[in-house]
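Residue numbers (my numbering), protein chains in the order written: chain A, 17 to 377; chain B, 31 to 447.
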């Protein structure tokens with residue numbers, strides 16, 4: 017009867033697996049089609065995060081293959097899509113729902129403690145997040161809560177995006193750190209293995225040398241020589257090992273600092289000083305001031321010409337340039353080479369030739 | 031064209047160092063120097079004023095040899111139809127350590143039979159004058175044995191296009207803000223010095239090893255035009271060209287650069303070009319769709335532009351809502367700045383100085399410090415910038431088949447004025 021016992025064992029294993037699959041109660045039935053696991057041992061239950069009503073896979077296929085449609089559970093008017101159906105992760109549907117809600121909330125409400133001036137404000141914020149979560153979970157004031165979430169999202173757009181980026185970066189760094197540590201472990205292990213192998217090889221060599229020495233004419237002298245050689249070798253090896261150990265140690269420590277530095281990189285972008293649009297350049301004119309308009313019959317046509325106006329030509333820019341160039345030699349002395357160093361940098365530039373006429377195009 | 035036609039032009043240009051007395055153009059009207067401490071930190075180098083071997087001899091040939099001797103060539107980064115770019119370094123002197131530089135050797139007689147190419151002239155002309163931490167530094171100019179012009183430029187190892195295209199990098203709004211701030215400062219300095227850049231795009235915004243952004247490629251730059259003197263409207267790479275240039279405007283102003291930079295701003299957020307047109311017409315259509323169709327109401331006088339034509343699409347000029355939806359990450363003040371930069375009517379666009387005053391820069395998140403900005407390291411970066419430096423201004427790509435297309439497309443730059 018050995019074959020029977022084998023099939024028996026297989027059946028028991030399958031049953032056990034099924035029991036694991038379906039959780040505790042063995043004779044589950046689909047609330048929609050009422051088919052039970054007894055009839056269909058491969059039955060899988062799916063839920064949709066819209067309403068969390070459980071139904072079997074064949075029901076989902078049957079009802080939603082033709083496109084979105086209403087939930088078959090009596091009294092539920094949610095429109096469900098096949099794509100959103102998934103396997104239940106937690107046995108308790110309430111837990112399943114809470115995990116989903118928290119996931120969604122965490123995406124929007126992702127402020128961190130450092131975003132708040134004080135712990136009190138951070139705690140208030142956390143409490144509010146909890147209230148929103150609770151409301152969503154227990155269907156209290158759904159529309160008001162949703163409005164609240166949207167309002168928060170609108171007003172914190174940039175900080176939400178920023179915190180998402182921050183989180184991603186931190187995860188990346190943590191990942192890099194883990195990989196780095198793994199690599200370090202691997203290297204340390206390799207190093208130890210190598211030491212062991214070296215020791216083994218040296219020992220074997222020493223033994224062979226010893227035997228050879230004993231075969232010689234004057235064993236004592238030869239043995240002493242071999243022993244001395246071995247001692248020398250082992251001390252050299254130890255020195256070598258210590259040096260490499262130190263190197264490894266250094267390698268392990270140095271990049272760790274880098275990781276720390278990188279971690280600190282985010283959020284340190286505070287302005288060292290007040291924002292200066294021109295980065296410290298002095299824009300004042302020492303010798304003249306610009307006026308809005310200059311009377312010049314030659315310019316009248318340019319100020320009126322439609323095609324010049326539409327192209328964006330600015331007569332003002334021409335006037336500024338003309339003035340600037342007219343005064344650009346003032347305060348600059350050719351005979352005074354030191355003046356160029358002290359005065360020249362703060363004095364208007366000197367031109368050998370007016371730029372407009374140097375090359376004509 | 032008188033200067034280019036003159037055969038001695040190259041040698042006189044090559045010795046631009048001889049006119050040391052010409053102070054930096056922009057340093058006029060009582061400015062401070064570009065903060066010395068910051069310059070040192072960025073690894074910037076200024077042409078040293080007291081060369082140890084500088085003799086009293088002002089002979090141009092002598093000066094040229096002396097300048098040439100200051101630099102060595104290390105290796106070639108790339109070669110194009112217009113120039114060869116070498117990585118080199120300035121020899122270490124008693125007081126200063128060796129500094130890496132990019133040496134751009136302009137090929138003579140490739141395009142312009144009787145002189146230097148216009149790009150080279152413009153590059154030298156304007157970079158000699160502009161000194162600002164956010165503009166690439168032209169350190170020296172010298173001529174090689176066979177009269178080729180060599181520009182010694184500050185070496186920068188990556189550009190903004192590489193950053194945008196590198197999908198492994200995440201760019202935070204603080205990073206975008208920092209890049210925008212630096213490019214606006216560079217552009218402000220150009221405009222303050224009365225120079226139009228006319229080729230603002232991500233791969234002309236180079237990044238130094240310490241993260242500082244610098245405007246480069248002044249091959250299409252020119253000084254502000256005098257009234258009644260027309261300029262060509264065939265400038266700026268198509269994807270970044272403002273609508274007035276598509277309508278053939280001959281009289282335009284610094285607003286064209288602002289528009290280009292605004293589109294770079296969009297690209298930094300979207301990580302893909304905002305308006306990638308295939309042809310000029312398609313590009314204009316994209317502008318109309320994305321920003322609105324130009325009409326007499328939103329852009330007075332647009333119909334009188336020489337190349338104006340009725341657009342096929344009729345979209346009302348976009349308001350705040352559209353930009354808020356598309357560029358939500360920038361926040362309200364960022365969107366406000368962006369809208370001011372890419373207005374259809376050039377007269378309603380903000381100036382670089384006004385843009386720098388935007389609230390956005392002084393709000394949280396604060397601009398990232400340059401050293402902390404995301405970087406693209408490695409050898410690939412060097413090669414890419416090599417190819418960028420040698421590419422002709424105003425062209426989009428540098429691939430072989432594009433080079434063929436570039437040849438067929440005549441460059442209609444009417445320098446005659």
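All C-beta atoms, glycine included, are put in the ideal place defined by N, C-alpha and C.
Source: prediction; values computed, not measured.
| Query | Result |
| --- | --- |
| Starting from the beta carbon of residue 209/B, find every residue of chain A whose beta carbon is closer than 8 Å, and list them in chain order. | Residues of chain A passing the Cβ test: none, with the nearest at roughly 14 Å. |
| So within the segment 320 to 394 of chain B, which uninterrupted alpha helix (DSSP H) runs reach at least 4 residues, ignoring any that extend past its ends? | 350 to 356, 361 to 371, 382 to 386 |
| In the DSSP assignment, the alpha helix (DSSP H) including residue 216/B goes from what residue to what residue? | 203 to 222 |
| For the 8 Å Cβ check, are there 3 or more pairs between the segment 320 to 329 of chain A and the segment 276 to 283 of chain B? | yes |
| Please report the straight-line C-alpha distance between residue 132/A and residue 349/B, rounded to a whole angstrom. | 34 Å |
| Where in the segment 237 to 273 of chain B do unbroken runs of the alpha helix (DSSP H), each at least 4 residues long, occur, reported from the N-terminal end onward? | none |
| Output yes if chain B places a C-beta closer than 8 Å to the C-beta of residue 354/A; else output no. | Only weak support is given to the placement of residue 354/A: the predicted model assigns it a pLDDT of 48, under 50, and the question is left unresolved by the model. |
| Against chain B, does residue 327/A count as a neighbour if the rule is that its beta carbon must be under 8 Å from one of theirs? | yes |
| DSSP puts residue 278/B in a beta bridge; with which residues? | According to DSSP, residue 278/B bridges with nothing at all. |
| Check this for me: beta carbons of residue 201/B and residue 293/B, under 8 Å apart or not? | no |
| Is any beta-carbon of chain B found at less than 8 Å from that of residue 133/A? | no |
| Shorter than 8 Å from the beta carbon of residue 112/B to some beta carbon of chain A? | no |
| Tell me, please, whether the CB atom of residue 377/B is closer than 8 Å to any CB atom in chain A? | yes |
| How about residue 331/A and residue 339/A: are their beta carbons less than 8 Å apart? | no |
| For the structure I just gave you, are there three or more beta carbon pairs, one from the segment 370 to 390 of chain B and one from the segment 334 to 345 of chain B, closer than 8 Å? | no |
| Kindly say whether residue 84/B, judged by its beta-carbon, lies nearer than 8 Å to any beta-carbon of chain A. | Low confidence applies to residue 84/B: its pLDDT is 45, below 50, so where it sits in the model is not reliable, and the reading given next is rough at best. Chain A contact via Cβ: absent. |
| Name the DSSP beta bridge partners of residue 172/B, please? | 180/B |
| With a threshold of 8 Å between beta carbons, is residue 200/B in contact with chain A? | yes |
| Assign residue 310/B to one of three DSSP states: helix, strand, or coil. | helix |
| Say whether chain B places a C-beta atom closer than 8 Å to the C-beta of residue 337/A. | yes |
| Which value, in whole angstroms, describes the spacing of the CA atoms of residue 248/A and residue 101/B? | 54 Å |
| With a 10 Å radius around its C-beta and 16 neighbouring C-beta atoms as the bar for buried, classify residue 380/B as buried or exposed. | buried |
| Report the neighbours of residue 318/A on chain B: residues whose CB is nearer than 9 Å to its CB, in chain order. | 257, 258, 281 |
| So the beta strand (DSSP E) residue 116/B belongs to, where does it begin and stop? | 113 to 120 |
| For residue 232/A and residue 242/A, I'd like the C-alpha separation in whole angstroms. | 12 Å |
| Report yes or no: do the segment 239 to 259 of chain B and the segment 145 to 162 of chain B share at least 3 C-beta pairs separated by less than 8 Å? | yes |
| Alpha carbon to alpha carbon, how far is residue 136/B from residue 179/B? Give it in angstroms, no decimals. | 5 Å |
| Could you round the C-beta distance between residue 314/B and residue 273/B to whole angstroms and report it? I think they count as a contact, below 8 Å. | 7 Å |
| So with Cβ pairs under 8 Å, would you call residue 215/B a contact of chain A? | yes |
| According to DSSP, simplified to helix, strand and coil, what is residue 105/B? | strand |
| Could you pull the start and end residues of the alpha helix (DSSP H) that residue 90/B belongs to? | 90 to 99 |
| Looking at the structure shown, is residue 57/B part of a helix, part of a strand, or coil, going by DSSP? | Confidence in residue 57/B is poor, its pLDDT being 39 and thus under 50, which makes the residue's placement too unreliable to answer from. |
| Relative to the C-alpha of residue 404/B, which candidate in 195/B, 309/B, 99/B, 228/B has its C-alpha closest? | 195/B |
| Anything in chain B within Cβ reach of residue 111/A, meaning under 9 Å, just list it in chain order. | In chain order: nothing, as chain B lies at least about 34 Å away. |
| Run through DSSP, which three-state label would residue 61/A get? | strand |
| In chain A, what lies closer than 9 Å to residue 387/B by C-beta? | 293 |
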